[in-house]
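Visitor:
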Amino acid sequence: MRTRTVVTLKLLLQLQALLFLIILSPTAISNESGSSYIADIGTQANLEGLERVKQALVAPPFLPKHQQTYSGKPRIIEMEMVIEEKEIEVETGVFVQAMTFNGSNPGPMMVVHEGDYVELTLKNPRTNVLAHNIDFHASTGALGGGALTLINPGEQVTLRFKADKPGTYVYHCAPSGIMIPYHVVSGMYGAIMILPKDGLKDNKGNLVHYDKAYYIGEQGWYIPQDEFGNYIRYPNVAAAMGDVLKVMKTLTPTHITFNGSKGALIGKNAMEANVGETVLFIHSQANEDSRIHLIGGHGDLVWPGGSFNNTPTVDRETWAVNGGEAVAALYTFKQPGIYAYLNHNLIEAFMLGGAAHVSVKGKWNNDLMEQVVKPGPIKN
Ligand SMILES: [Cu+2]
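Residue numbers (this note's numbering): 931 to 1310.
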């Protein structure tokens, strides 16, 4: 019975995928092999003489190896991601049927330079149940590439787009209709950083360099509960869908995670830095709004909306990350200790899980702060 439901759903989704191509993408037509392409091309890409470079993607919070400045000709940066529908334990004993790019939540951070071409091969293994695609907020046209990348289980597709807007941008799955929020709040998003060729600049136009960079993907999960309040576990993303959509409609997440599970970046998995080091934090939220605060520190430079063409704002206490964007913030640590990096809706941070730690080593600076008298009884 369950198998039949899944198969029927699969067929429905494939039909939906076909309708999506016809309705939402009037310029996308199918050739004989069934793949889609854009008709009536006005400008052809000229890739002659451009170097091809493969980028090995890594799981967040880490970034792939990259140069902070690059003065050569644009390159074609080849990447590959495999879509994985999988179960994730968001907190001890609480499971979700997640959808992921490359098996991590969030998907990997990509790093290229302004003017480069991103050439992504996306694979949807036969073991998955649903059709998926990718919408790059950094790209231009065809629903951010979504109209050209919809693939059923057992298919792969390759998309190329020009990274012409420097900044940090979300990418996410966007199949069609209600599937868009379902896939995104099931974890199917990540981010790309497009660095200016001459590097990041402060508010006065001076070059800035970072010693470390971390990528944090925040998201709300909407996990159904049974009549006794126990979280329900499902066999796959199709079986979970009806109940999860009901919880999604309340707009009230049951869990908020920084990188896939409560405490994923806490304790031995805390982000690390040394006093004197400059750290770039890239924070994305693909659905809900957030407001990021580093307790005991600041955002020395924060690029509004994640665009590196904006002059960074300085000395921020808290900065907005709107649903659907990635924002970069730079901070040079001046004191050692454990810093909480969190969503400053403190209910979301401390009761739902939206928090991480940065463990900073080094020498304390009494000039910046000192406990002058230890706690003790009140004296008259
Ligand atoms: Cu998807």
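Glycine included, C-beta positions come from ideal geometry on N, C-alpha and C.
In whole angstroms, give me the CA-to-CA distance for F1280 and K1264.
Guide: F1280 and K1264: Cα-Cα distance of roughly 25 Å.
Visitor: Specify the secondary structure class of Y1112 as computed by DSSP and reduced to three states.
Guide: helix
Visitor: Any idea what DSSP makes of A1068, helix, strand or coil?
Guide: DSSP, reduced to helix, strand and coil, places A1068 outside both helices and strands of the structure shown, so it counts as coil.
Visitor: If you draw a straight line from the alpha carbon of Y1112 to that of G1292, how long is it in whole angstroms?
Guide: 44 Å
Visitor: Beta strand (DSSP E) containing M1118: first to last residue?
Guide: Under the DSSP assignment, M1118 falls outside any beta strand (DSSP E); it carries neither an H nor an E label.
Visitor: Consult DSSP for E1019 and reduce its assignment to one of helix, strand or coil.
Guide: strand
Visitor: Specify the secondary structure class of N1199 as computed by DSSP and reduced to three states.
Guide: DSSP places N1199 in helix when its eight states are reduced to three.
Visitor: Please state if the CB of H1062 and the CB of I1196 are separated by a distance shorter than 9 Å.
Guide: no
Visitor: Count the other CB atoms within 10 Å of the CB of L1060; is the residue buried (16 or more) or exposed (fewer)?
Guide: So L1060 ends up on the buried side.
Visitor: Give me the Cα-Cα distance between K1309 and V1302, rounded to the nearest whole angstrom.
Guide: 15 Å
Visitor: Between L1130 and F1238, which are expected to be in contact by the criterion C-beta below 8 Å, what is the C-beta distance as a whole number of angstroms?
Guide: The beta-carbon distance between L1130 and F1238, rounded to whole angstroms, is 6 Å. This is short enough to meet the 8 Å contact definition.
Visitor: At what residue ranges does the segment 1143-1194 contain a whole run of the beta strand (DSSP E), taking only runs of 3 or more?
Guide: 1185-1188
Visitor: Quick check: the Cα distance between D1128 and V988, rounded to an integer number of angstroms?
Guide: When only Cα atoms are considered, D1128 and V988 end up about 24 Å apart.
Visitor: In angstroms with no decimal places, state the Cα-to-Cα distance between D1173 and F1091.
Guide: 37 Å
Visitor: Inspect the beta-carbon positions of Q985 and V1041 and report whether they are closer than 9 Å.
Guide: yes
Visitor: Am I right that A1068 and I1124 are in contact with their C-beta atoms under 8 Å? What's the rounded C-beta distance?
Guide: Beta-carbon to beta-carbon, A1068 and I1124 are separated by about 6 Å, close enough to satisfy the 8 Å threshold.
Visitor: Between which two residues does the beta strand (DSSP E) harbouring M1289 extend?
Guide: The displayed chain sequence assigns Ser, not Met, to residue 1289. A1285 to K1291 is the span of the beta strand (DSSP E), which, as asked, contains S1289.
Visitor: Alpha carbons only, please: which of I1153, H1213, G1235 and E1017 is nearest the one belonging to T1180?
Guide: I1153
Visitor: Can you name, in chain order, every residue of its own chain whose Cβ lies under 7 Å from the Cβ of W1294, other than the five neighbours on each side?
Guide: Q1265 and P1266
Visitor: On the premise that W1151 lies in contact with P1105, defined as a C-beta separation below 8 Å, what is that separation, rounded to the nearest angstrom?
Guide: Not a contact, Cβ separation roughly 19 Å.
Visitor: Excluding five sequence neighbours on each side, which residues of the same chain lie with their C-beta closer than 8 Å to the C-beta of K1304?
Guide: Nothing meets the Cβ criterion.
Visitor: Whole angstroms are fine: how far does the CA of I1064 sit from the CA of L1080?
Guide: 8 Å
Visitor: Buried or exposed: where does V1115 fall if 16 or more other Cβ atoms within 10 Å of its Cβ makes it buried?
Guide: buried
Visitor: Just curious, the beta strand (DSSP E) that A975 is in, first and last residue?
Guide: No beta strand (DSSP E) holds A975; DSSP gives it neither H nor E.
Visitor: What residue range does the beta strand (DSSP E) around G1101 cover?
Guide: It is worth fixing the name first, because residue 1101 is Tyr in this sequence and not Gly. Counting along the chain, the beta strand (DSSP E) containing Y1101 begins and ends at G1097 to H1102.
Visitor: Give the secondary structure of F1211 by DSSP, where H, G and I count as helix, E and B as strand, and everything else as coil.
Guide: strand
Visitor: Compare the C-alpha of L993 against each of L1224, Y1271 and H1213 and name the closest.
Guide: H1213
Visitor: Following the continuous beta strand (DSSP E) through R1005, name the residue where it begins and the one where it ends.
Guide: Per DSSP, R1005 is not a residue of any beta strand (DSSP E), being assigned neither H nor E.
Visitor: With 16 other CB atoms within 10 Å as the buried threshold, where does L977 fall?
Guide: exposed
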